[in-house]
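Undergrad: Have a look at the structure that comes next, please.
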Amino acid sequence: MGKSAPASIPPTDPDTGGGPAGSTEEGTAPDPDADPRTESADAGSPRAALELSGVTKHFPLRRRNTVALDGVDLTVEQGEFVSLLGPSGCGKSTVLRLLAGLEEPTTGRVRVHDRPPAALVNDHRLGIAFQQHALLPWASIADNVALPFRVAGRPVDRARVTELLRLTGLEEFAEARPRQLSGGMRQRAAIARALALNPEVLLLDEPFGSLDAVTRRRLNFELARIWSEQRITTLLVTHDVEEAVLLANRVVVLTGRPGRVRHVEHIDLPRPRGGRLTREPRFHEVVDRLTALLDGDLASRAGADEGATAQTGRRWLRRRGR
Amino acid sequence: MRTVRDSRVQTALLVAVGAVLALAAMEAIGRFQLLGRGWPPLSQVLDILHTPATRTLLGRSLRTTADEAGLGLLIGALVSVVVAVLGTVLPVLQAGLDRLAAVLNAVPLIALGPLLIATVGREGSPAVIAALAVGFVMFVSTTSGLEAASTAHRDVLAALGASRTTTLLRLRLPAAVPMVLDGLTQAAPAAVLGAIVGEWFGAPSGLGLLLVSAMQNYQTELLWAAGLAAALLAIVSYAVLGTVRSLMAWRFR
Ligand SMILES: Nc1ncnc2c1ncn2[C@@H]1O[C@H](COP(=O)(O)OP(=O)(O)OP(=O)(O)O)[C@@H](O)[C@H]1O
Ligand SMILES: [Mg+2]
């Protein structure tokens, strides 16, 4: 990696990205203040629940300095569902960690409901599921799901815990320990834990990463239903383009390292979005366009390596995801 | 599963073979007087157990030492755990506590003996020395145990808005259990040693006293019997706590 990392955004779009009305191309502005356009402005809603403006994040490691995020502007409206796509290592988890108050931005501003992220966290109003499930090994699944109640110093709502376990298909495993569950079941338990206190903001980091396609789709629909009912402001990190499109109001695509917002896609597909929609051409049109965008990024990153065609890039993208 | 069990059986067998060989060597060295008159054959040492008076004497001494070692282990472990927790709750204290523990550990327990006789008295000093012998290893293992929780777990608690105390109770203490149990296993034989050293300075009873008096009265067999009893106590305490550890620790990993 070079010091100032190849800011390798291809000057032209991949040909597939014609640019229908819904999509806005982001010219990554190195200086955030010089860029007057904000996403919330044209969306018309004044309430940005989550807001990153001009955020850069460096990780100084001995002599090397990793630039994880470079001038990221991102807002998520109150009650909006935004999916975050991007190649591995582009800083998606870092965005979530910034919003959860687990990291400080090197420069720029991070706001949650117009306050520092810590404020919402201290009110126990944030739900988060990490890439690693991070369940407590000594506690049963039910106790793990009940953890947010205990941390918040509230009496455990047993009915709520049972409901969440049923929702995630873990009822029979309420008394099991995390080690007795499969990877996918642990991820589901982590999602149940994130939802326990009916959070105002939900941050999900590849929560369905180790699920089979069928369970994954089922949980996708579950999540879509929960979101439709409660309109929890949600930011979902995923590698699955279909999942991103299926669930979101908007899909934000980041470039490879360092992460920048490369493209924002408004998804105007009607809700509820069921299994039928996933077979419709207009769904695939969006998915293909976004996939091509990610492929293009990969191809340009491959640089000198002539062998890297968009095809191999797409396959590579599918394979990683664990 | 199978291989784990197999390797356990293998270890047990090796231990048994080693023990039999050591006992046989003891017997042989004594039988053939390889190391002089001070080393009696094992059978001769065991013979004195036929005398009821000797048996009760040994039994009572063993009991006393075991009680003192146990009490010392308990006190030493409790105090160290509390101090270690205090050090993590109030980071200001941490550096000072680390140093204090290191200094205390550097003082030879033998040197503390006379001092303790003068302050705690003959009856109390074995348990106190046992506690001191245990303290450092327990402090160190608890301190590192409290740091053992993974970053992912800390992040979860942090993102849920957990206070320091909640994080300590819900995460750091449970995560420390395996290391604390490791520490206890290591500390148990040290507690036995500490108790015996404490008795050496004139406690009213115990294996340490028995060792001293047998030595002064040239009762070679009794001296050996007392020594073997002490070794047995240390080994048993280690084995018992080791079992507790293997039964409990996995739950917390
Ligand atoms: N604590 C850290 N210390 C040093 N570097 C870090 C740290 N956290 C992240 N990074 C670096 O920041 C970059 C972005 O990491 P991040 O985890 O946000 O990527 P990601 O987009 O979530 O990747 P993936 O899809 O593989 O999960 C990576 O290059 C990573 O090496
Ligand atoms: Mg990640």
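If you read the protein sequences in the order shown, they are chains A and B.
When the letters of the first sequence are read in order and numbered with this note's numbering, they come out as residues -15 to 306.
When the letters of the second sequence are read in order and numbered with this note's numbering, they come out as residues 20 to 272.
Heads up, the beta-carbon is just placed ideally off N, CA and C, and yes, glycines get one too.
(1) Given that a residue counts as buried once 16 or more other Cβ atoms are within 10 Å of its Cβ, and exposed if not, what is residue 212 (chain A)?
(2) Taking the beta carbon of residue 75 (chain B) as the centre, do at least 16 other beta carbons fall within 10 Å, making it buried, or is it exposed?
(3) Within 10 Å of its beta-carbon, does residue 266 (chain B) have 16 or more other beta-carbons around it, so buried, or fewer, so exposed?
(4) Heavy atom of ligand 1 less than 7 Å from the Cβ of residue 224 (chain B), yes or no?
(5) Around the Cβ of residue 259 (chain B), are there at least 16 other Cβ atoms within 10 angstroms (buried) or fewer (exposed)?
(6) Looking at residue 277 (chain A) and residue 71 (chain A), is the spacing between their C-beta atoms short of 8 Å?
(7) What residues from chain B crowd round residue 310 (chain A), counting only those whose CB sits closer than 7 Å?
(8) Residue 181 (chain A) and residue 137 (chain A) - do their beta-carbons sit closer together than 8 Å?
(9) Rounding to the nearest angstrom, what Cα-Cα distance links residue 196 (chain A) and residue 231 (chain A) in this structure?
(10) Check whether the Cβ of residue 76 (chain A) lies closer than 7 Å to any heavy atom of ligand 2, and answer yes or no.
(11) In terms of residues, what are the limits of the beta strand (DSSP E) holding residue 247 (chain A)?
(12) Report the residue from A:146, A:99, A:50 whose alpha carbon sits nearest the alpha carbon of residue 31 (chain A).
(13) Is the CB of residue 111 (chain B) under 8 Å away from at least one CB in chain A?
(14) Does residue 69 (chain B) pass the burial test, meaning 16 or more other C-beta atoms within 10 Å, or should it be called exposed?
(15) Taking just the CA atoms, how far does residue 103 (chain B) sit from residue 159 (chain B)?
(16) Where do the ends of the alpha helix (DSSP H) carrying residue 114 (chain B) lie?
(17) Against residue 114 (chain A), what residues of chain B qualify as contacts under a CB-to-CB distance less than 9 Å, listed in chain order?
(18) For a contact defined as C-beta to C-beta under 7 Å, what are the partners of residue 272 (chain B) on chain A?
(19) Indicate whether at least one CB of chain B lies closer than 8 Å to the CB of residue 89 (chain A).
(20) Along the chain, where does the beta strand (DSSP E) containing residue 234 (chain A) start, and where does it finish?
(21) Evaluate the contact criterion for the segment 210 to 230 of chain B versus the segment 80 to 98 of chain B: three or more CB pairs, one atom per stretch, below 8 Å.
(22) Could you tell me whether the Cβ atoms of residue 92 (chain A) and residue 145 (chain A) are closer together than 8 Å?
(23) In chain B, what lies closer than 9 Å to residue 139 (chain A) by C-beta?
(24) Closer than 7 Å to a non-hydrogen atom of ligand 2 - does that hold for the CB of residue 115 (chain A)?
(25) Taking 7 Å as the line, does the beta carbon of residue 189 (chain A) fall inside it for any heavy atom of ligand 2?
(26) When you compare each of B:177, B:211, B:43, B:238 to residue 147 (chain B) by their alpha carbons, which one comes out closest?
(27) Please indicate yes or no: does the CB of residue 149 (chain B) lie closer than 7 Å to some heavy atom of ligand 1?
(28) Provide the residue(s) that pair with residue 73 (chain A) in DSSP beta bridges, ordered along the chain.
(29) Beta carbon of residue 50 (chain A): closer than 7 Å to some heavy atom of ligand 1?
(30) Which whole-angstrom value describes the C-beta separation of residue 238 (chain A) and residue 76 (chain A), a residue pair presumed to lie in contact below a C-beta threshold of 8 Å?
(31) Is there a Cβ from chain A that is less than 8 Å from the Cβ of residue 185 (chain B)?
(32) Compare the beta carbon distance of residue 185 (chain A) and residue 104 (chain A) with 8 Å and say whether it is the shorter of the two.
(33) Report, in whole angstroms, the separation of the C-beta atoms of residue 161 (chain A) and residue 121 (chain A), which I expect to be a contact under 8 Å.
(34) Confirm, please, whether the CB-CB distance from residue 217 (chain A) to residue 64 (chain A) is below 8 Å.
(35) Note down, in chain order, each residue of its chain lying with its Cβ closer than 6 Å to the Cβ of residue 144 (chain B), except the 5 sequence neighbours on either side.
(36) Compare the Cα-Cα distances from residue 49 (chain B) to each of B:221, B:152, B:240 and report the closest residue.
TA: The short version:
(1) Exposed.
(2) It counts as exposed.
(3) Residue 266 (chain B) sits exposed, since fewer than 16 C-beta atoms from the chains shown fall within 10 Å of its C-beta.
(4) Not so, every heavy atom of ligand 1 lies at least 7 Å from the Cβ.
(5) Counting of Cβ neighbours within 10 angstroms places residue 259 (chain B) among the exposed residues, the total staying below 16.
(6) No, these two residues do not count as a Cβ contact at 8 Å.
(7) No answer is possible for residue 310 (chain A): it lies beyond the span of chain A, which begins at -15 and ends at 306.
(8) Contact flag unset, no.
(9) C-alpha of residue 196 (chain A) to C-alpha of residue 231 (chain A): approximately 18 Å in a straight line.
(10) Result yes, Cβ under 7 Å from ligand 2.
(11) Looking at the DSSP string, the run of the beta strand (DSSP E) that includes residue 247 (chain A) is 245 to 250.
(12) When only C-alpha atoms are compared, the closest one is A:99.
(13) No, residue 111 (chain B) lies away from the interface with chain A (no Cβ there is under 8 Å from its Cβ).
(14) So residue 69 (chain B) ends up on the exposed side.
(15) Linking residue 159 (chain B) to residue 103 (chain B) through their CA atoms gives a straight-line distance of about 8 Å.
(16) Start and end: 110 to 125.
(17) Simply 171, 174, 175, 178.
(18) Taking the beta carbon of residue 272 (chain B) as reference, the chain A residues within 7 Å of it are 121, listed in sequence order.
(19) The beta-carbon of residue 89 (chain A) is placed no less than 8 Å from the nearest beta-carbon of chain B.
(20) Looking at the DSSP string, the run of the beta strand (DSSP E) that includes residue 234 (chain A) is 234 to 238.
(21) The segment 210 to 230 of chain B is in contact with the segment 80 to 98 of chain B.
(22) Taking 8 Å as the Cβ cut-off, residue 92 (chain A) and residue 145 (chain A) do not qualify as a contacting pair.
(23) Here the premise fails: no neighbours, minimum Cβ distance about 15 Å.
(24) Taken from the Cβ of residue 115 (chain A), at least one heavy atom of ligand 2 lies inside 7 Å.
(25) At least one heavy atom of ligand 2 is nearer than 7 Å to the Cβ of residue 189 (chain A), so yes.
(26) Of the candidates B:177, B:211, B:43, B:238, the one whose C-alpha sits nearest the C-alpha of residue 147 (chain B) is B:211.
(27) Outside the cutoff, so no.
(28) The partner list for residue 73 (chain A) (beta bridge, DSSP) is empty, contrary to what the question assumes.
(29) When distances are taken from the beta-carbon of residue 50 (chain A) to the heavy atoms of ligand 1, the shortest one is below 7 Å.
(30) With a Cβ gap of about 6 Å, residue 238 (chain A) and residue 76 (chain A) count as contacting.
(31) Judged by the 8 Å Cβ criterion, residue 185 (chain B) is in contact with chain A.
(32) Closer than 8 Å, so yes.
(33) A Cβ-Cβ distance of about 7 Å is found for the pair residue 161 (chain A) and residue 121 (chain A), placing them in contact under the 8 Å criterion.
(34) Closer than 8 Å, so yes.
(35) Only 135, 136, 217 meet the Cβ criterion.
(36) The candidate whose alpha carbon is nearest that of residue 49 (chain B) is B:240.
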